[in-house]
Amino acid sequence: MSTSSETVVTGVAPATTSREAVRGTRLTFRAAVLGRPGAPVLHDVDLDVAPGEILTVVGPSGCGKSTLLRTLAGLLSPLAGAVEQDGSPLTGPSADRALVFQEDALLPWRTLRGNVELPLAISGVPRSERRSRAESWLGRVGLSAQAGQLPHRVSGGQRQRAQLARALADSPRAVLMDEPFGALDAQTRSGMQDLLVEVLRGTGATVVFVTHDVDEALFLGDRVALLGAGGLASVRDVPRPRDRGALDDPARAALRRTVLSSLGT
5 MSTSSETVVT GVAPATTSRE AVRGTRLTFR AAVLGRPGAP VLHDVDLDVA
55 PGEILTVVGP SGCGKSTLLR TLAGLLSPLA GAVEQDGSPL TGPSADRALV
105 FQEDALLPWR TLRGNVELPL AISGVPRSER RSRAESWLGR VGLSAQAGQL
155 PHRVSGGQRQ RAQLARALAD SPRAVLMDEP FGALDAQTRS GMQDLLVEVL
205 RGTGATVVFV THDVDEALFL GDRVALLGAG GLASVRDVPR PRDRGALDDP
255 ARAALRRTVL SSLGT
């Protein structure tokens, strides 16, 4: 089924899991060179992402946004310098850091519930508990009625909501998001942004969110990191409160112009 506009889920209650409230993690780059051997993309990256922060990352195509994210996920090793989690070298993938892609990557032969349960099963969570946690998260993202559906039977927005539930069900301390809403229509995308803010509230998870959409970056981010050719250009605080109606605020408008300029638009 093709992507369609959907009802925004708001007023979401805190999730209940077997763990205490999630504590965010600190992610740090120290003079890091990122890329693949023989093909560095980003040089001398110094960046500190605080526990519980939402950092949005923008930059022109090919500047290394996805490389930065995959390095944080442990899928790529730094070519030089250091990448750390809570002061210790980040040495590979971990359940502490969930990665969310633009494509939903749901297993087509598993129901939405089964997809959300999968990382819990891998982590050794008992069957009854993983069923309870999966249903709790599906409820939080507004998919209780679709829990037994296969992915091809629901819309693109619903698949992304299921992917978000799957990413959060195992209580990661960091969520790394690579343009997860880029393929959605404008109304569904706006609803997913609101939903993301709602479901993250109270988890304490650190979020690094890559996007091409400037308004998305400014709505979601506590700070926005601007990547340029070969490196990190700057990191800016985003004016608050988080309000879609604040586009005319002088400080926000100035930051928006700066970000657009960094994208060459």
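If you read the sequence shown in this note's numbering, its first letter stands for residue 5, the second for the next number, and so on. Glycine included, each C-beta is placed from N, C-alpha and C at the ideal position.
Exercise for review: Using 10 angstroms around the beta-carbon of W141, count the other beta-carbons present and answer buried if the total reaches 16, otherwise exposed.
Suggested key: buried
Check your understanding: Which same chain residues, not among the five before or five after A233, have their C-beta less than 7 angstroms away from its C-beta?
Key -> C67
Point to revise | Same chain only: Cβ atoms within 7 angstroms of L72, ignoring 5 sequence neighbours per side | key: L38, L46 and V61
Review point. Quick one: Cα of Q167 to Cα of L224, how far?
Key: 18 angstroms
Exercise for review: Would you mind working out which of R137, P93, D182 and G63 sits nearest S175, comparing C-alpha positions?
Suggested key: When each option's Cα is compared against that of S175, the closest is R137.
Review point. Beta-carbon separation of A169 and V145 under 8 angstroms?
Key: yes
Check your understanding: Are the Cβ atoms of L267 and R240 separated by less than 8 angstroms?
Key -> no
Check your understanding: Do you know how far the Cα of A187 is from the Cα of V104?
Key -> Going by C-alpha positions, V104 is about 13 angstroms away from A187.
Check your understanding: How do the stretch 154 to 161 and the stretch 125 to 135 stand: do at least 3 beta-carbon pairs fall below 8 angstroms, yes or no?
Key -> The way I'd put it, the stretch 154 to 161 doesn't touch the stretch 125 to 135; fewer than three beta-carbon pairs between them come closer than 8 angstroms.
Check your understanding: Between D226 and L59, is the Cβ-Cβ spacing less than 8 angstroms?
Key -> Contact: yes.
Review point. V145 by DSSP, collapsed to three states: which one?
Key: coil
Review point. Straight-line CA distance for V228 to E183?
Key: Spanning the two alpha carbons is a distance of roughly 14 angstroms.
Exercise for review: Tell me, please, which residues DSSP counts as bridged to E88.
Suggested key: T32 and P93
Practice item. Output the boundary residues of the alpha helix (DSSP H) element that contains V201. Key: A190 to L204
Point to revise | Ordered list of alpha helix (DSSP H) runs contained in the stretch 98 to 179, each at least 4 residues | key: 116 to 126, 131 to 144 and 160 to 173
Point to revise | As assigned by DSSP and simplified to three states, the class of L51 | key: strand
Review point. Using the rule of at least 16 other Cβ atoms within 10 Å of the residue's Cβ for burial, across every protein chain shown, is E133 buried or exposed?
Key: exposed
Review point. If you check the beta carbons only, do T29 and D100 fall under 8 angstroms apart?
Key: Yes. Within cutoff.
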